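**Q** Mapping of the sequence shown onto this note's numbering: position 61 corresponds to residue 881, and the numbering continues sequentially without gaps. Before I ask anything, let me first share the structure, which is written out below as structure tokens.
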Amino acid sequence: MRIIKISLLVIWVLLLGLLIQRDYFVRTLDTREVMALERDRRVEYQSIYFKDEKIGYVENQFLPQDDQTLKIRQQARMELMISEQTHPVELNLEAVLGSQSDLRSFEFSFTSPFYRMRANGTMSDKTVSFELDTGNSVVTDQIVLDGPPRLSTSRRSYL
Numbered sequence: 821m822r823i824i825k826i827s828l829l830v831i832w833v834l835l836l837g838l839l840i841q842r843d844y845f846v847r848t849l850d851t852r853e854v855m856a857l858e859r860d861r862r863v864e865y866q867s868i869y870f871k872d873e874k875i876g877y878v879e880n881q882f883l884p885q886d887d888q889t890l891k892i893r894q895q896a897r898m899e900l901m902i903s904e905q906t907h908p909v910e911l912n913l914e915a916v917l918g919s920q921s922d923l924r925s926f927e928f929s930f931t932s933p934f935y936r937m938r939a940n941g942t943m944s945d946k947t948v949s950f951e952l953d954t955g956n957s958v959v960t961d962q963i964v965l966d967g968p969p970r971l972s973t974s975r976r977s978y979l
């Protein structure tokens, strides 16, 4: 009976020691781990499907700026089947959003083996000023909207 009591006491002390070690002697994070955790907070991935088949993905990077704006970098890559051949398509967007997800400026490009297009623009009150380069011509124009355009992201300020 005495051996059982001593064994239980030794096991209890051992388990208590392991518990204290786990809680109070935690190793510090390596710089690479900290950088990976920070990147994971800023980067999201989404898949692109067509007729229940994955054809590409989108990588979203959310970069908070010092002036309380949010820079979004979005890169989409797709493999499209055209005339029984697979062709790569790339879409790139860099946009700056205000604190209410209102669009401030953007740069967009579309690249495929058949076509290239670039666009960039800025917002001023309710007016979007943009330049669109289709490869054949360059269009510079302005569009007046009812209000500033807002982009829906997973980084909404009220969440």
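Even glycine gets a Cβ: it sits at the ideal position worked out from N, Cα and C. Computed from a predicted structure; not experimentally measured.
Consult DSSP for K874 and reduce its assignment to one of helix, strand or coil.
**A** Within the sequence shown, residue 874 is the residue found at index 54, counting from 1. K874: strand per DSSP, three-state reduction.
**Q** Ignore the nearest five residues each way along the sequence and tell me which others in Y869's own chain have a CB closer than 8 Å to its CB.
**A** Taking the first residue of the sequence shown as position 1, residue 869 is located at position 49. Correct list, in chain order: I875.
**Q** Going by DSSP in three states, G837 sits in which element: helix, strand or coil?
**A** Within the sequence shown, residue 837 is the residue found at index 17, counting from 1. Helix, per DSSP.
**Q** Counting C-beta neighbours from all protein chains within 10 Å, is the total for G941 16 or more, i.e. buried, or is it exposed?
**A** On the sequence shown, position 121 is the one that residue 941 refers to. So G941 ends up on the buried side.
**Q** Flag this pair as yes or no: are the beta carbons of F926 and L913 separated by less than 9 Å?
**A** Within the sequence shown, numbered from 1, the residue matching residue 926 stands at position 106. Within the sequence shown, numbered from 1, the residue matching residue 913 stands at position 93. Against a cut-off of 9 Å, the Cβ pair of L913 and F926 comes out as a contact.
**Q** Would you tell me roughly how many angstroms separate the C-alpha atoms of S921 and L965, rounded to the nearest one?
**A** As a position in the sequence shown, residue 921 is number 101, starting the count at 1. As a position in the sequence shown, residue 965 is number 145, starting the count at 1. In a straight line, the C-alpha of S921 is about 16 Å away from that of L965.
**Q** Excluding the 5 residues preceding and the 5 following V948 in the sequence, name in chain order all residues of the same chain whose CB lies nearer than 6 Å to its CB.
**A** The residue labelled residue 948 in the question sits at position 128 within the sequence shown. These residues qualify, in order along the chain: G941, I963.
**Q** Taking only the alpha-carbon atoms, compute the straight-line gap between E951 and V863 and give it to the nearest angstrom.
**A** Here the question's residue 951 lines up with position 131 in the sequence shown. Here the question's residue 863 lines up with position 43 in the sequence shown. Each residue's alpha carbon lies about 28 Å from the other.
**Q** Nearest CA to the CA of M898: which residue from T931, N956, I826?
**A** Position 78 of the sequence shown, counting from 1, holds the residue named residue 898. Comparing Cα positions, the closest option is T931.
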